[in-house]
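Colleague: Mind having a look at this structure? Questions to follow.
Residue numbers (full-length UniProt numbering): 1 to 90.
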């Protein structure tokens, strides 16, 4: 197996243990569905339905990301992931 994939699998497993499978699934969904600027257009109810996840879980995940300045709510159904180097300065 490629070392890069093995490392990714290990990190993914660690993240699932730390924050839970559903939160990791939400993070993967956001990363997979944002554009090159980090914007994505899904409201919380759509994410709940698409991922078969409870609304409190999605809201809690978004709150964690917002508190850490990883996610910004532009308006209902429009969010921006912080993909720039500001994360390394936090």
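The C-beta atom is built at its ideal place from N, Cα and C for all residues, glycine as well.
(1) So the candidates are 14, 13, 48 and 76; which of them puts its Cα closest to the Cα of residue 116?
(2) So, for residue 65: in the same chain, excluding its five sequence neighbours on each side, which residues have a beta-carbon less than 6 angstroms away from its beta-carbon?
(3) Go ahead and pull the three-state DSSP assignment for residue 42.
(4) Please report the straight-line C-alpha distance between residue 37 and residue 80, rounded to a whole angstrom.
(5) Can you find the residues in the same chain that come closer than 6 angstroms, C-beta to C-beta, to residue 16, ignoring five residues on each side of it along the sequence?
(6) Bridge partners for residue 23 per DSSP, in chain order?
(7) With DSSP as the reference, please indicate the residues paired to residue 73 in a beta bridge.
(8) Check for me: the alpha helix (DSSP H) holding residue 66 runs from which residue to which?
(9) Identify whether residue 35 lies in helix, strand or coil by the three-state DSSP scheme.
Modeller: With the given structure in hand:
(1) Residue 116 is absent from the model: the chain starts at 1 and stops at 90.
(2) Locating residue 65 in the chain shown gives position 65, counting from the first residue. Same-chain partners within the cutoff: 71.
(3) Position 42 of the chain shown holds residue 42. DSSP places residue 42 in coil when its eight states are reduced to three.
(4) Indexing the chain shown from 1 puts residue 37 at position 37. Indexing the chain shown from 1 puts residue 80 at position 80. If you take the alpha carbons of residue 37 and residue 80, they lie about 8 angstroms apart.
(5) To locate residue 16, count along the chain shown from 1; it is residue 16. 24, listed in sequence order.
(6) One-based indexing of the chain shown puts residue 23 at position 23. Answer is none; residue 23 lacks a bridge partner.
(7) Taking the chain shown and counting its residues from 1, one reaches residue 73 at position 73. Answer is 79, bridged to residue 73.
(8) Working through the chain shown from its first residue, we reach residue 66 at position 66. Here the alpha helix (DSSP H) through residue 66 covers 55 to 67.
(9) Reading the chain shown from its first residue, position 35 is the one you call residue 35. The answer is coil: DSSP assigns residue 35 none of H, G, I, E or B.
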